[in-house]
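J.: Protein chains in written order, with my numbering: chain A, 125 to 380; chain B, 125 to 380.
Where a beta carbon is used, it is the ideal one built from N, C-alpha and C, also for glycine.
A single structure is presented below for examination.
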């Protein structure tokens, strides 16, 4: 079986199976992206989470939360109010931890080139910890990940270690992060639409020389509607963390 | 210039440049790995941080910390004691945030195949958020990243929002995470040594058919010293987060 046929078989099998997540369905804020990707022959999604605020009850004396074992005291994909969190915190027996987990998405890609295009979309939408995995049989997956989390221990052996005022303060921050996360998802969707449109134009023309270069030539021909998105999306893939002066970095020459 | 020559030129240029990080040198706990990688013709490191506890003073009303703009009130690559943190917290004018940032490493790789091998080493050492970036000119970088962080807002407009007891509790957790991080670095080093050894054996033999498959055939021939490490390191690259029941997941058939 050739690679394309094999990819189609994987996709059909994957999309026909039941959603095995606790929730059992794709999160509302991720649906548009998931549907858009699955409508393309070169992609299919294998997992997604739109972003959520979680309160986990870790095992007693277990600082390392094992998601499978721990109890979820609260989970919401919407902004969270203090009262709900306080009620959930009262149920903690172990070491409760509040987490904000941003958007995460795994997309299987037909070829490395498809993963590269999607990776550029992810990076330029603010998902700087995204990266490609290439398995030993050539299975190519792009993971879309953000740096934009929060992980705050709140109780120890069932005892709350902070004040209600702090919980309120913290939820404000978590809710702001959720808002910013939503903006990035919207940006990802716009950038993705734009990249797919560019691809369609490219593919309808002659041989592809460089999946990234064609954009500049096309820019002036495209509708003004895409202008802002184009400018936002058109940065090149870069070495993340390279602009953090705290990381030991060697800067590359500009001409590579 | 062919790809190998170009890679050698990049490597020479990169390694001859000054370390532009605030610290100006490679962190002690990352030195062995950095040296081992840079001694291989197929790799060179472009940035690294062994892991650190940070106290950042974010801008007033700025929940999103911009690393370049914010002030570092404290940074340590060793376990941190409460007294040092309290002194640093007193200097905060804005929204101070305590972070534990685990080991991070960027490695430029000669070929995708080299990045795949290093990626497997990273995943199997516990760095599950690792991923490959392939730039438009073929520049291939593996980012080694962990899921194992901590991000805790502690003060607001210069006012401490938690008790000293909580700071102590939090530092215990941060220090435990640093300990676990160190174990993962050691595991990464062992797995890397093992993978490089296996590569050398493979390359000295006939044509390479599969960079991963050869291991099983070799396993029985290798020294008992490597046995445990082999078992630890021999898992396949997997779709991270796929074991988290909270993420919308479709499970793949076993035979792909």
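From which residue to which residue does the alpha helix (DSSP H) around residue 311 (chain A) run?
T.: Unbroken alpha helix (DSSP H) run through residue 311 (chain A): 288-328.
J.: For a contact defined as C-beta to C-beta under 9 Å, what are the partners of residue 165 (chain A) on chain B?
T.: Per Cβ cutoff of 9 Å: no residues; residue 165 (chain A) is ~18 Å from chain B at best.
J.: Mind checking the stretch 242-255 of chain B against chain A and listing, in chain order, the residues whose C-beta falls within less than 9 Å of any C-beta there?
T.: Cβ contacts with chain A: 243, 244, 247, 253, 254, 255.
J.: Residue 303 (chain A) and residue 273 (chain B) look like a contact to me (Cβ under 8 Å); what is the Cβ gap, rounded to whole Å?
T.: The pair is not a contact, with the Cβ atoms about 21 Å apart (cut-off 8 Å).
J.: How is residue 338 (chain B) classed by DSSP in three states: helix, strand or coil?
T.: Annotation note: pLDDT 40 at residue 338 (chain B) (below 50); position unreliable, coordinate value reported separately. Helix at residue 338 (chain B).
J.: Could you check where the beta strand (DSSP E) with residue 117 (chain B) kicks off and where it finishes?
T.: Outside the shown range of chain B, which is 125 to 380, sits residue 117 (chain B), and nothing can be said about it.
J.: Got a sec? Which residues, its chain only, sit under 6 Å from residue 229 (chain A) by beta carbon, not counting five neighbours each side?
T.: Excluding positions up to five away in sequence, the list reads 172, 268.
J.: Given that a residue counts as buried once 16 or more other Cβ atoms are within 10 Å of its Cβ, and exposed if not, what is residue 248 (chain B)?
T.: Buried, because 16 or more other Cβ atoms sit within 10 Å of the Cβ of residue 248 (chain B).
J.: When the Cα atoms are used, what is the spatial distance from residue 264 (chain A) to residue 205 (chain B)?
T.: Approximately 44 Å, taken between the alpha carbons.
J.: How would you label residue 283 (chain A), buried or exposed, when you count the other beta carbons within 10 angstroms and need 16 or more for buried?
T.: When all chains shown are included, residue 283 (chain A) counts as exposed.
J.: In whole angstroms, give me the CA-to-CA distance for residue 251 (chain A) and residue 329 (chain A).
T.: If I take the Cα positions, the gap works out to 31 Å.
J.: Which stretch, first to last residue, makes up the alpha helix (DSSP H) that contains residue 152 (chain A)?
T.: Where residue 152 (chain A) is concerned, the enclosing alpha helix (DSSP H) stretches over 152-162.
J.: Is residue 318 (chain A) close to chain B? Criterion is C-beta to C-beta, closer than 8 Å.
T.: Chain B contact via Cβ: absent.
J.: Looking at residue 297 (chain B): is its Cβ nearer than 8 Å to the Cβ of residue 277 (chain A)?
T.: Yes. Within cutoff.
J.: Counting only beta-carbon separations shorter than 8 Å, does residue 201 (chain B) have a partner in chain A?
T.: Chain A contact via Cβ: absent.
J.: Closer than 7 Å between beta carbons: that is the criterion. Which residues of the stretch 269-285 of chain A meet it against chain B?
T.: Of all residues in the stretch 269-285 of chain A, 269, 273, 274, 275, 276, 277, 280, 285 have a Cβ within less than 7 Å of some Cβ in chain B.
J.: Is the CB of residue 69 (chain A) under 8 Å away from at least one CB in chain B?
T.: There is simply no residue 69 (chain A) to check, as chain A begins at 125 and stops at 380 in what is shown.
J.: List, in chain order, every chain B residue whose beta-carbon is nearer than 8 Å to that of residue 236 (chain A).
T.: Here the neighbours are 236, 258.
J.: Return the chain-ordered list of same chain residues with a C-beta closer than 8 Å to the C-beta of residue 335 (chain A), the five sequence neighbours on each side being excluded.
T.: Confidence at residue 335 (chain A) is low in this model, with a pLDDT of 46, below 50, so its placement is unreliable and no value can be given for it.
J.: Cβ of residue 196 (chain B) versus every heavy atom of the ligand MN: is any distance shorter than 7 Å?
T.: You won't find the ligand MN in this model; it holds no ligand whatsoever.
J.: Could you check where the beta strand (DSSP E) with residue 418 (chain B) kicks off and where it finishes?
T.: The question about residue 418 (chain B) has no answer here: the residues shown for chain B are numbered 125 through 380.
J.: I need the DSSP call for residue 238 (chain B), collapsed to helix, strand or coil.
T.: DSSP places residue 238 (chain B) in helix when its eight states are reduced to three.
J.: Looking at the C-beta of residue 227 (chain B), does it have a partner C-beta in chain A at a distance below 8 Å?
T.: Output row for residue 227 (chain B): interface = no.
J.: Can you give me the Cβ contacts of residue 232 (chain B) inside the same chain, cut-off strictly under 6 Å, excluding the 5 residues immediately before and after it?
T.: Closer than 6 Å at the Cβ level, and outside the excluded window around residue 232 (chain B), lie 168, 170, 265.
J.: Within the same chain, show all residues whose beta-carbon is closer than 6 Å to that of residue 177 (chain A), passing over the 5 residues directly before and after it, in chain order.
T.: Here the set comprises 200, 204, 224, 298.
J.: Please confirm if residue 213 (chain A) has its CB atom under 8 Å from at least one CB of chain B.
T.: Residue 213 (chain A) does not count as touching chain B.
J.: Can you find a CB in chain A that lies within less than 8 Å of the CB of residue 297 (chain B)?
T.: Yes, contact with chain A.
J.: According to DSSP, simplified to helix, strand and coil, what is residue 283 (chain A)?
T.: Residue 283 (chain A) falls in the strand class under three-state DSSP.
J.: Considering only residues of the same chain and omitting the five flanking positions on each side of residue 271 (chain B), which have a CB-CB separation below 6 Å?
T.: If we look at residue 271 (chain B) and ignore the five residues flanking it on each side, its Cβ neighbours are 252, 253.
J.: With residue 176 (chain B) as the anchor, note down where its alpha helix (DSSP H) starts and where it stops.
T.: Run containing residue 176 (chain B): none in the alpha helix (DSSP H); it sits in the beta strand (DSSP E), 176-182.
J.: Over what stretch of residues does the beta strand (DSSP E) that includes residue 267 (chain B) continue unbroken?
T.: Start and end: 264-268.
J.: For residue 229 (chain B), does the three-state DSSP call read helix, strand or coil?
T.: Residue 229 (chain B): strand per DSSP, three-state reduction.
J.: In chain order, what residues of the same chain have a beta carbon less than 6 Å from the beta carbon of residue 313 (chain B), not counting five sequence neighbours either side?
T.: These residues qualify, in order along the chain: 156, 157.
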